[in-house]
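Participant:
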Amino acid sequence: MLIRNVDPITFEVLSHRLHQITREMGITLERTGGTVTTTQQHDYNASLYRPDGEIMAAGETYGHHVVCAGQAVKRILERFGKEEIYPDDIFLLNDPYLAAIHNPDVYIICPIHHENVLVGWSATFVHVSDIGAMTPGGDSPEATEIFQEGIRIPGIKLVERGKLRRDVFDTITHMTRQPEAVGLDLKCEIAANNVAKARLQAMYEQYGPELMNAISSEMIQYTETILRNRIREIPDGVWSERLTIEADGPCKLTLTLRKEGEQLVFDFTGTDKQVRKGINLPFHGTCGFCFGAVLYSLAYDLPKNHGVLRPMEVIAPKGTIVHVQYPGPISMSTTSSGFGVGFLASSVLMQMLATSEKWRHEIVAPQASHRNCRHSGVNQYGRYCPFINMAHGALDGNGARVDRDGVDSGGSYMSVPNVEWMELHYPLLYLFRRHATDSAGAGKFRGGAGVESAHMLHDAPEGKIRGVAYGVAGLRNSGHGMFGGNPGAPSVMVLLQNTNANSLVGANKSPVDLSEIGGEPNFLPYCNFELKQNDVLYMRVASGGGYGDPLERDPERVRGDVLTGLVSKAAAREIYGVVLNGEGCQVDLAATQAQRKKIREEELRGPQ
Amino acid sequence: MSHPLGDSLEVYSDQGANWVRCTRCSHVIARLEEHWRKRCERRTFPPTKAGPLMTILVGHYVLQKLYCPGCGALLESDMVEQS
Chain A
1 MLIRNVDPIT FEVLSHRLHQ ITREMGITLE RTGGTVTTTQ QHDYNASLYR
51 PDGEIMAAGE TYGHHVVCAG QAVKRILERF GKEEIYPDDI FLLNDPYLAA
101 IHNPDVYIIC PIHHENVLVG WSATFVHVSD IGAMTPGGDS PEATEIFQEG
151 IRIPGIKLVE RGKLRRDVFD TITHMTRQPE AVGLDLKCEI AANNVAKARL
201 QAMYEQYGPE LMNAISSEMI QYTETILRNR IREIPDGVWS ERLTIEADGP
251 CKLTLTLRKE GEQLVFDFTG TDKQVRKGIN LPFHGTCGFC FGAVLYSLAY
301 DLPKNHGVLR PMEVIAPKGT IVHVQYPGPI SMSTTSSGFG VGFLASSVLM
351 QMLATSEKWR HEIVAPQASH RNCRHSGVNQ YGRYCPFINM AHGALDGNGA
401 RVDRDGVDSG GSYMSVPNVE WMELHYPLLY LFRRHATDSA GAGKFRGGAG
451 VESAHMLHDA PEGKIRGVAY GVAGLRNSGH GMFGGNPGAP SVMVLLQNTN
501 ANSLVGANKS PVDLSEIGGE PNFLPYCNFE LKQNDVLYMR VASGGGYGDP
551 LERDPERVRG DVLTGLVSKA AAREIYGVVL NGEGCQVDLA ATQAQRKKIR
601 EEELRGPQ
Chain B
1 MSHPLGDSLE VYSDQGANWV RCTRCSHVIA RLEEHWRKRC ERRTFPPTKA
51 GPLMTILVGH YVLQKLYCPG CGALLESDMV EQS
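This is the structure we're talking about:
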């Protein structure tokens, strides 16, 4: 019997109700948020914690922030002590050297009391529109130490006994480039935490503290027990993976997973030393990304809580990219080394699952993330917009699975606004946003196709806006293949300067073909740049890696991909060995068999 | 001891040792303690063999494919740094 102290029905009902609170917190953030990042892109997390900071119920987005917000609860407890934490207080913390991952991700943390006894915490983060860093929006490619990366708050009372501390609120918002939007962001977090407090207190009122405390404890025990059982069923072994991020030279991240019995040890020994570029990750961030990988691969169907962390150990040598030491810069960490760590952890876990008859059907080809961009500048209404997150990574193609293709533009946690919304609010004109032909990694089951887009200035009063290029820079970003599947096309960001785009638009022609758009291409590393008249920014996000031998793919599936434009006829023939005839692209089975035989024989003979 | 090792490989025990073999042709590739990849047929190709959008990798990476030495089944494809 797993559930020792609570009857199973009550356990299920209350467990789901606690997780439902985190969903309602998320909905509150979306409905009351001040910026598109929160309301449409869903760059947030909302979770519940036990009185000591252990995860009680994790929200559905961003597993890494679930761990780090729990760390923030512990830091608040250390700083203030229970004697200075009152009912209806609310705290703010964004210090990456204590608990956060980078400064713009602001944690709002709320103690929850029942009859004056601390019974739990709620916590949220949103990526606020600006944090006063040297680069608008926070990600600062030119920062060499954390002092250039914006306001850093180690824990402060934002609300004291139910009353907003206006002096604190104004001090924080006035150190940013957009006080109104940041203020709205902070208030939407307060609102979400107020919802959590009301709902959890109602549960304590209804069921009493004894049962509620038992439920949260049993939820963690339940998850831990089942997860340990699952791990124990898998053969012991060692698996490794590497990733290179290009940041003024190659930065190598290395991970070895050792699985012994019911324990998973994630060892990052061998990872390069930290650099004077904001791709460094705090240790709790590294733990958080490993937590996310385990949660989404082995524990996705369990109550999401601290029980996932207990079978895990993370080793990350101090002073490396995955365990930065003060005052190393960190502002781009989440989307560079953070997603890199997430990829490494997923990859070794998938290799591990491949050794289990029971679990190998759960394999998904892993994803090493993408490039992304933010803009800032004066929009068509004369207002300064410090933060336009293009968020196109939300349109990544997903990795293929054992028995099905990856989802085209399936993305991950985030969403992305539609083109028309972006053009309505920002001085941009999209030339296209579409699935990139031949981007998906080929395989018996192919990866999901990623999206390519191009945009230019439109009605920009200053004739230019700023840009910052971030994400995972390097040639091996995007999806990786498994068991014969090819990798997805690399994610790139290219500034095309002095293009023909405006001339084409002026001539009533749609500039949808890169060769017609022309211009001088500049592949962007981590950098600030300007988007000016006649410039076009081309972005291609990550595409999913394939699974299995492309020559074993059902020819009719290849035909379908050609008809929808996801695969070119040439790639169908050269990579999949599928011969298509006529405008209807009918499969020539005999020719396909011959072509596949020829491809394999030529491969085995080697390049001539 | 017997368990899969990906899609076309498995680990099995025989004569007191653990081995990696191809599930399609039963060819024994290596002892488990060895690195099975080193015993595969290995071929490298230009990155663009994986698709036209791989052009950016040319000169930096090559597409490496590993095959079963017994039947030529494709076991792994990966971009590896060009030596």
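Residue numbers (my numbering), protein chains in the order written: chain A, 1 to 608; chain B, 1 to 83.
Just so it is clear, CB atoms sit at the ideal spot from N, CA and C, and this is done for glycine as well.
1) According to the Cβ coordinates, are P311 of chain A and Q263 of chain A closer than 8 Å?
2) What residues in the segment 342 to 373 of chain A have a beta carbon less than 7 Å from any beta carbon of chain B?
3) Report the neighbours of P525 of chain A on chain B: residues whose CB is nearer than 7 Å to its CB, in chain order.
4) What are the residues of the segment 435 to 450 of chain A that lie near chain B, defined by any Cβ-Cβ distance shorter than 8 Å?
5) Using only the alpha-carbon positions, how far apart do D567 of chain A and T437 of chain A sit?
6) Of the choices A:Q20, A:V451, A:E160, whose alpha-carbon is the least far from that of L200 of chain A?
7) For chain A, check one thing: does any of its Cβ atoms lie closer than 8 Å to the Cβ of S77 of chain B?
8) So F483 of chain A contacts chain B; which residues on that side make the cut at Cβ distance below 9 Å?
9) Starting from G657 of chain A, trace the beta strand (DSSP E) in both directions and tell me its first and last residue.
10) Please decide whether H35 of chain B counts as near chain A, where near means a Cβ-Cβ distance under 8 Å.
11) Hey, how far is the Cα of L5 of chain B from the Cα of L32 of chain B?
12) Taking 8 Å as the threshold (beta carbon to beta carbon), is G548 of chain A in contact with chain B?
13) For Y12 of chain B, decide whether its Cβ has a neighbour in chain A, counting only Cβ atoms nearer than 8 Å.
14) Report all residues from its chain with a CB closer than 8 Å to the CB of L253 of chain A; omit the five preceding and five following residues, and keep chain order.
15) Apply the 10 Å Cβ neighbour rule to P610 of chain A and answer buried if 16 or more other Cβ atoms are within range, or exposed otherwise.
16) Comparing the C-beta of E603 of chain A with each C-beta of chain B, is any distance below 8 Å?
17) When burial is assigned at 16 or more other CB atoms within 10 Å of the CB, is E520 of chain A buried or exposed?
18) From this set, A:A46, A:A542, A:M493, which residue's C-alpha is nearest L524 of chain A's C-alpha?
19) Just reading off the beta strand (DSSP E) that E260 of chain A is part of, what are its end residues?
20) Work out the CA separation of N280 of chain A and I145 of chain A for me, nearest whole Å.
21) Alpha helix (DSSP H) containing W421 of chain A: first to last residue?
22) Could you tell me the distance, in whole angstroms, from the CA atom of M203 of chain A to the CA atom of T23 of chain B?
23) Classify S510 of chain A: buried if its beta carbon has 16 or more other beta carbons within 10 angstroms, exposed otherwise.
24) For D396 of chain A, which of A:V541, A:P111, A:K74, A:V195 has the nearest alpha-carbon?
25) Are the Cβ atoms of S140 of chain A and K197 of chain A separated by less than 8 Å?
26) P111 of chain A bridges to which residues according to DSSP?
27) Check the Cβ-Cβ distances between H27 of chain B and every residue of chain A, and say whether any is below 8 Å.
28) Could you check whether the segment 22 to 33 of chain A touches the segment 57 to 71 of chain A, counting it as contact only if at least three pairs of C-beta atoms, one from each stretch, sit closer than 8 Å?
29) State whether the segment 296 to 307 of chain A contacts the segment 124 to 137 of chain A, with contact taken as three or more CB pairs (one from each stretch) at a distance under 8 Å.
30) Report yes or no: do three or more beta-carbon pairs, one from the segment 346 to 360 of chain A and one from the segment 164 to 180 of chain A, lie closer than 8 Å?
31) Provide the residue(s) that pair with S453 of chain A in DSSP beta bridges, ordered along the chain.
32) Put Y413 of chain A into one of helix, strand or coil per three-state DSSP.
33) Could you list the residues in the segment 381 to 398 of chain A with a C-beta less than 9 Å from some C-beta on chain B, going in chain order?
34) DSSP state of E149 of chain A, grouped into three classes?
35) CA-CA distance, G155 of chain A and V106 of chain A?
36) Determine, using beta carbons only, whether T592 of chain A comes closer than 8 Å to chain B.
Facilitator: So, from the listed chains and residues:
1) For the purposes of this step, residue 311 of chain A is taken as the residue at position 311 of the first sequence. For the purposes of this step, residue 263 of chain A is taken as the residue at position 263 of the first sequence. Closer than 8 Å, so yes.
2) Taking 7 Å as the Cβ-Cβ cut-off against chain B, the residues of the segment 342 to 373 of chain A that qualify are A354, T355, S356, E357, R360.
3) Within the first sequence, the letter at position 525 stands for residue 525 of chain A. Here the premise fails: no neighbours, minimum Cβ distance about 13 Å.
4) If the cut-off is 8 Å between Cβ atoms, the segment 435 to 450 of chain A has A436, D438, S439, G441, A442 near chain B.
5) The residue given as residue 567 of chain A occupies position 567 in the first sequence. The residue given as residue 437 of chain A occupies position 437 in the first sequence. The sequence as given places Val at residue 567 of chain A; Asp does not occur at that position. Approximately 5 Å between the Cα atoms of the pair.
6) For the purposes of this step, residue 200 of chain A is identified with residue 200 of the first sequence, where counting begins at 1. Closest option to L200 of chain A, Cα to Cα, is A:Q20.
7) The residue labelled residue 77 of chain B in the question sits at position 77 within the second sequence. Output row for S77 of chain B: interface = yes.
8) Locating residue 483 of chain A in the first sequence gives position 483, counting from the first residue. Within chain B, the residues near F483 of chain A are G6, D7, S8, L9, L74, L75, E76, S77.
9) This structure does not reach residue 657 of chain A, given that chain A is present from 1 up to 608, and the question cannot be answered.
10) Here residue 35 of chain B refers to the residue found at position 35 of the second sequence. By this cut-off, H35 of chain B is not an interface position.
11) One-based indexing of the second sequence puts residue 5 of chain B at position 5. One-based indexing of the second sequence puts residue 32 of chain B at position 32. Distance between the alpha carbons of L5 of chain B and L32 of chain B is about 10 Å.
12) By one-based count along the first sequence, residue 548 of chain A stands at place 548. Judged by the 8 Å Cβ criterion, G548 of chain A is in contact with chain B.
13) If you number the second sequence from 1, residue 12 of chain B lands on position 12. Closer than 8 Å: no.
14) Position 253 of the first sequence, counted from the start, is the residue given in the question as residue 253 of chain A. Around L253 of chain A: R242, L243, T244, I245, F268, T271, D272, I321, V322, S337, G340, V341, L344.
15) Look at the range of chain A in this structure, 1 to 608, and you will see that residue 610 of chain A is not part of it.
16) Looking up residue 603 of chain A in the first sequence gives position 603. Output row for E603 of chain A: interface = yes.
17) Counting from 1 along the first sequence, the entry for residue 520 of chain A is found at position 520. Exposed, by the Cβ-count rule.
18) On the first sequence, position 524 is the one that residue 524 of chain A refers to. Of A:A46, A:A542, A:M493, the residue nearest in Cα terms is A:M493.
19) For the purposes of this step, residue 260 of chain A is taken as residue 260 along the first sequence, with counting starting at 1. Its beta strand (DSSP E) spans residues 250 to 260.
20) Against the first sequence, residue 145 of chain A aligns to sequence position 145. Against the first sequence, residue 280 of chain A aligns to sequence position 280. It is worth fixing the name first, because residue 145 of chain A is Glu in this sequence and not Ile. Straight-line Cα distance between these residues: approximately 10 Å.
21) In the first sequence, residue 421 of chain A corresponds to position 421, counting from 1. W421 of chain A -> alpha helix (DSSP H) spans 419 to 425.
22) Residue 203 of chain A sits at position 203 when you count from the first residue of the first sequence. Residue 23 of chain B sits at position 23 when you count from the first residue of the second sequence. Computed Cα separation, rounded: 55 Å.
23) Position 510 of the first sequence, counted from the first residue, corresponds to residue 510 of chain A. By the 10 Å Cβ count, S510 of chain A comes out exposed.
24) Position 396 of the first sequence, counting from 1, holds the residue named residue 396 of chain A. Nearest option by C-alpha distance: A:V541.
25) As a first step, residue 140 of chain A is located in the first sequence; it is residue number 140 there, counting from the start. As a first step, residue 197 of chain A is located in the first sequence; it is residue number 197 there, counting from the start. Going by C-beta atoms, S140 of chain A is not nearer than 8 Å to K197 of chain A.
26) Taking the first sequence and counting its residues from 1, the one referred to as residue 111 of chain A is at position 111. DSSP lists A:W121 as partners of P111 of chain A.
27) Position 27 of the second sequence, counted from the start, is the residue given in the question as residue 27 of chain B. Not closer than 8 Å to any Cβ of chain A, the Cβ of H27 of chain B fails to qualify, so no.
28) Short answer: they touch.
29) no
30) no
31) Sequence index remark: in the first sequence, residue 453 of chain A carries index 453 (1-based). In DSSP, S453 of chain A forms a bridge with A:R433, A:M539.
32) Counted from its first residue, the first sequence places residue 413 of chain A at position 413. Three-state result, Y413 of chain A: coil.
33) none
34) Within the first sequence, numbered from 1, the residue matching residue 149 of chain A stands at position 149. Looking at E149 of chain A - three-state DSSP - the assignment turns out to be coil, as it is neither helix nor strand.
35) The residue given as residue 155 of chain A occupies position 155 in the first sequence. The residue given as residue 106 of chain A occupies position 106 in the first sequence. Answer to the nearest angstrom: the Cα atoms are 11 Å apart.
36) Taking the first residue of the first sequence as position 1, residue 592 of chain A is located at position 592. Cβ-Cβ to chain B under 8 Å: no for T592 of chain A.
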